[in-house]
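Structure, as structure tokens:
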Amino acid sequence: GARAARGLRLLRVVTTANRGMRALAASMSRRGAGYVAALTLVVLLAGAAGMLGFERGEPGTPITSYGTAVWWTAMVLTTMGSDYWPRSPEGRLLCLGLSLYAFGAFGYLTAALASFFVDREQRATGATPSVSIDERLARIEALLDHQ
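Heads up, the sequence shown is in this note's numbering, so the first residue is 8 and it goes up one at a time.
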């Protein structure tokens, strides 16, 4: 009864956030770092609301306010972890989803940062990759033709 209702609430929050993020993605820049930052903020706030809803009323839970839930969610998203782990099955599932999102977001941001520095270095030195992909493909095709 009550757990099913909480699960449905989470589903409603996720689908609403998903619709909003699709609209935001359409209006953000091509690089996507701004999109990832905005999505992370939405995930933080929605995750905190979900965690508060799931853990409220659980025996021994320290998450009794939205502020505490935001702090806990931020710690999970920064992969720093927390002294508290959810007691409800829904809270544990949400924690898993938040952790998986955090790994993906940090991987994306790391790749975007590396790409930024590589692009900047190439522009500063005027360097281009030593062999273009087209040249490599032409070599491979020539080798295959001679077999």
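The C-beta atom is built at its ideal place from N, Cα and C for all residues, glycine as well.
The structure presented is a predicted model; accordingly, all values stated were derived computationally and were not measured.
In this structure Pro66 is exposed. Its beta-carbon is surrounded by fewer than 16 other beta-carbon atoms within 10 angstroms. Within the segment 80 to 120, complete alpha helix (DSSP H) segments of at least 4 residues are not found at all. Going by C-alpha positions, Thr85 is about 10 Å away from Leu105.
In the three-state reduction of the DSSP assignment, Gly74 falls in the helix class. Counting along the chain, the unbroken alpha helix (DSSP H) around Gly41 starts and ends at Ala40 to Glu62. In the DSSP assignment, Glu65 falls outside any alpha helix (DSSP H), carrying neither H nor E. Under the three-state reduction of DSSP, Gly14 is assigned to helix. Annotated three-state conformation of Gln129 is helix, per DSSP.
DSSP, reduced to helix, strand and coil, places Ser122 within a helical segment of the structure shown. Taking a 10 Å sphere around the C-beta of Leu46, we find 16 or more other C-beta atoms and assign the residue as buried.
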